[in-house]
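The sequence shown lines up with residues 583 to 840 when you count with this note's numbering.
Beneath this line is the structure, given in structure tokens, with notes to follow.
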Amino acid sequence: MALVDISGLTIGFGAEETLPPVVDGVDLAIGKGEIVALVGESGSGKSMTALSIVGLLPERGKVRSGRILFEGEDLLKCGDAQLRSVRGARIGMIFQEPMTSLNPVLTIGEQLVEALIVHEKLSQAESRKRAIAMLERTGIDDAARRLRQYPHEFSGGMRQRVMIAMMMALKPALLIADEPTTALDVTIQAQILDLLRDMVRDLDTSLLLITHDMGVVAEMADRVVVMRGGKVVEEGDCTAIFAAPQADYTRRLLAAVP
Ligand code: ADP
Ligand code: MG
Numbered sequence: 583m584a585l586v587d588i589s590g591l592t593i594g595f596g597a598e599e600t601l602p603p604v605v606d607g608v609d610l611a612i613g614k615g616e617i618v619a620l621v622g623e624s625g626s627g628k629s630m631t632a633l634s635i636v637g638l639l640p641e642r643g644k645v646r647s648g649r650i651l652f653e654g655e656d657l658l659k660c661g662d663a664q665l666r667s668v669r670g671a672r673i674g675m676i677f678q679e680p681m682t683s684l685n686p687v688l689t690i691g692e693q694l695v696e697a698l699i700v701h702e703k704l705s706q707a708e709s710r711k712r713a714i715a716m717l718e719r720t721g722i723d724d725a726a727r728r729l730r731q732y733p734h735e736f737s738g739g740m741r742q743r744v745m746i747a748m749m750m751a752l753k754p755a756l757l758i759a760d761e762p763t764t765a766l767d768v769t770i771q772a773q774i775l776d777l778l779r780d781m782v783r784d785l786d787t788s789l790l791l792i793t794h795d796m797g798v799v800a801e802m803a804d805r806v807v808v809m810r811g812g813k814v815v816e817e818g819d820c821t822a823i824f825a826a827p828q829a830d831y832t833r834r835l836l837a838a839v840p
């Protein structure tokens, strides 16, 4: 059984009769420990697909039909409490701008230590030790001092490292990363992606990686799903798709890789 099994997912904004869906009958499965890349041009419905999994569609955005099975349970049919617990403990999400997920009025330490106390049931002192070790693992120097700082005191790349440390604390079964390096300097991008890959491999976490960079897909993903205009136009193992893309659109995407 796949960890995530989405079928016929259709999402729209506003009146169903008049406004066409922005995600239109998408099927998408993610196996345990698998890295699946979701690619496609801007506006193709990647983020809405991802946000529907974590129940964070923007206002007026509605799932019109389909199902999202996670560990066999339909997330679209769960009660609120059950949903919150699945989405809180089993699914993590990293956005393009980490400030979306970090609390600006708490120090990095408060946020990391709290996550460890709640999820790992560690004592305050143990959590602090672990938080320092995690920050060090993500390449943050002087971690003990950094714990006392607020998110705005970190650079974009450092904040994304903190988010990855946070995910190491939460150990989700599924991590969704929506263009996690798009906002970062090119030199930092590869470091963050390497870190992300090491983390999901170590924890056996499944990763849904949204990107428009086919170079990243080639480096990281086991499987790739190509979306265009709300629909999946191609899907398969990376090696197969890179060797012989079937859809015209995928061919054009690949042609654009330097
Ligand atoms: P992608 O992540 O592939 O760039 P999105 O999933 O964010 O694309 O968006 C898909 C489409 O959904 C967009 O082209 C846009 O038309 C529509 N959309 C996104 N957010 C909103 C919103 N808040 N209100 C209305 N339409 C939206
Ligand atoms: Mg997007």
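The beta carbon of each residue, even a glycine, is placed where N, CA and C say it ideally should be.
Under 7 Å between C-beta atoms of residue i and residue j
i	j	result
P686	P733	yes
S788	L756	yes
G648	G590	yes
A713	V700	no
G643	F595	yes
R730	P680	no
L785	K753	yes
S705	L698	no
S634	V621	no
L778	A619	no
V808	T832	yes
A837	V815	no
A725	L717	yes
Whole-angstrom distance between residue j and residue i, CA atom to CA atom
i	j	result
V668	M749	15 Å
V839	D795	8 Å
G739	P603	34 Å
I770	T764	10 Å
E652	F677	Note that residue 652 is Phe in the sequence shown here, rather than Glu. Their backbone Cα atoms lie some 21 Å apart in a straight line.
R727	G691	9 Å
L610	L601	23 Å
T631	V798	20 Å
Q693	D606	37 Å
- Task: Count the CB pairs spanning the stretch 796 to 806 and the stretch 818 to 835 that are closer than 8 Å, and state whether there are at least three.
- Result: Segments in contact, yes.
- Counting only runs of 3+ residues fully inside the stretch 621 to 662, write out the beta strand (DSSP E) ranges in chain order. Within the stretch 621 to 662, the beta strand (DSSP E) runs of at least 3 residues that lie entirely inside it are, in chain order, 643 to 652.
- Message: Strictly closer than 5 Å from CB to any heavy atom of ligand 1: give me those residues in the order they appear in the chain.
- Response: So the residues near ligand 1 by this Cβ test are F595, V604, S624, G625, S626, G627, K628, S629, M630 and P640.
- Ordered list of beta strand (DSSP E) runs contained in the stretch 713 to 772, each at least 3 residues: The DSSP assignment places complete beta strand (DSSP E) segments of no fewer than 3 residues inside the stretch 713 to 772 at 756 to 760, in order along the chain.
- Item | Segment contact, 8 Å Cβ cut-off, at least three pairs: the stretch 592 to 610 with the stretch 634 to 643 | In this structure the stretch 592 to 610 touches the stretch 634 to 643; the number of beta carbon pairs closer than 8 Å is three or more.
- Query: In the stretch 765 to 819, which residue ranges form an unbroken alpha helix (DSSP H) of at least 4 residues, counting only runs that do not cross its ends?
  - Reply: Unbroken alpha helix (DSSP H) runs of no fewer than 4 residues, entirely contained in the stretch 765 to 819, are found at 768 to 785 and 796 to 802, following chain order.
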